[in-house]
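Step one of this worksheet: look at the structure below.
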Amino acid sequence: VGSFLFLGPTGVGKTELSKSLAALYFGGEDRMIRVDMSEYNQPESTQRLLAPAGQEAGLLTAMRMQPFSVVLLDEVEKASDDVLNLLLQMLDEGQLTDVNGKTVSFRDAIVITTSNAGADTIRSFIEEGYDLKDFSQEFIDQLISDQQFKAELINRFDEVVLFRPLPIAHSGPGAAERIGDDLDG
């Protein structure tokens, strides 16, 4: 359906927005498949992602069971290069093939990849008075030049979304409720 890269500091709502999209588009927050990419930081991690049905509860097993879902690949900057190469394939072709040669489609899913990479840069730009729209491309170019992301990965996403830091009053435990109260009031 679509692929997005959500960039921003911790605690700004990237995961909450993903849950909301799962509820809105697919009927419930339980329609979100979350993968903690920090658990895939070794080259051999690709085998866990590509495990065949019944062998291990990896991403492909979850997608076979629930093809209409939001796939949240959380903190992608922590994944190994081999895992990122699989992500390139998934975003480019809309599918992955398990170790037994069986193909799993991602074409009916919304793929959301999150990252905290560059969070300090976003904060600095905001503190200097820039609007996110004004430095979006410059920021993405900087992430590429700093080798935090490969250009070919960034270019595979349908959209890159930058999240601004929350004001202190809206951060921490219960932030979603406080923001909702402010919007209602």
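Sequential numbering from 2 applies to the sequence shown in this note's numbering. All C-beta atoms in this analysis are idealised placements derived from N, C-alpha and C, irrespective of residue type, glycine included. From a predicted model like this one, the values you see are computed outputs, not experimental measurements.
Three-state secondary structure assigned by DSSP to residue i
i	result
L22	helix
S106	strand
L89	helix
E153	helix
R124	helix
Residues near residue i in its chain [Cβ-Cβ closer than 6 Å; skip 5 each side]
i	result
L74	V36, M38 and T114
F69	F27 and D109
Exposed unless 16 or more other CB atoms sit within 10 angstroms - verdict on residue i
i	result
A80	buried
S19	buried
G186	The predicted model places G186 with a pLDDT of 45, which falls under 50 and marks its position as unreliable; any figure quoted below should be read in that light. Exposed, by the Cβ-count rule.
D99	buried
K103	exposed
E139	exposed
L60	buried
S146	exposed
E153	exposed
N117	buried
Closer than 7 Å: residue i CB and nearest the ligand FAD heavy atom
i	result
Q138	Absence of the ligand FAD is noted for the structure shown, with no ligands found whatsoever.
Anticipated Cβ contact below 8 Å, residue i with residue j, distance rounded
i	j	result
V112	V161	Incorrect: roughly 13 Å between the Cβ atoms, too far for contact.
G119	L6	That belief does not hold up - the Cβ atoms of G119 and L6 are roughly 11 Å apart, past 8 Å.
E40	Q149	Not really, about 19 Å apart at Cβ, beyond 8 Å.
Beta-carbon proximity of residue i to residue j, cut-off 8 Å
i	j	result
R32	Q67	yes
L87	T62	no
D93	R49	no
R65	V2	no
Cβ-based neighbour list, residue i, same chain, cut-off 7 Å, excluding 5 preceding and 5 following
i	result
I141	I155 and V161
E30	K20, A23 and A24
Own chain partners of residue i with C-beta closer than 8 Å, once the 5 adjacent residues on each side are dropped
i	result
R165	G9, V13, I123, I127 and L133
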